[in-house]
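In what follows, a structure is listed as structure tokens, so that the remarks can point back to it.
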Amino acid sequence: NIEINNILREFREILKELAKTKDDKEVKYWLAYYLWHGIG
Numbered sequence: 517n518i519e520i521n522n523i524l525r526e527f528r529e530i531l532k533e534l535a536k537t538k539d540d541k542e543v544k545y546w547l548a549y550y551l552w553h554g555i556g
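Residue numbers (our numbering): 517 to 556.
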């Protein structure tokens, strides 16, 4: 599925950025956001 592949690629880019911030709350927020809006 092309749409899911695009979401996952975008998600990986966001995770790379978040990994630099080392902010667990922000990471968890974006994980929840993507799981809810991106895939669900």
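Heads up, the beta-carbon is just placed ideally off N, CA and C, and yes, glycines get one too. What you are looking at is a predicted structure, and each value in this text was computed from that prediction instead of being measured.
Look at the Cβ atom of residue i, then the Cβ atom of residue j, and state whether they are nearer than 7 Å.
| i | j | result |
| --- | --- | --- |
| G534 | E526 | Gly is not the amino acid found at residue 534; the sequence shown has Leu there. Against a cut-off of 7 Å, the Cβ pair of E526 and L534 comes out as no contact. |
| I520 | W546 | no |
Assign residue i to one of three DSSP states: helix, strand, or coil.
| i | result |
| --- | --- |
| N517 | coil |
| G556 | With a pLDDT of 49 at G556, under the threshold of 50, the predicted position of this residue should be treated as unreliable, and no value is reported. |
To test your reading of the DSSP string, which unbroken alpha helix (DSSP H) runs of 4 or more residues are found completely within the region 518–546? 518–537
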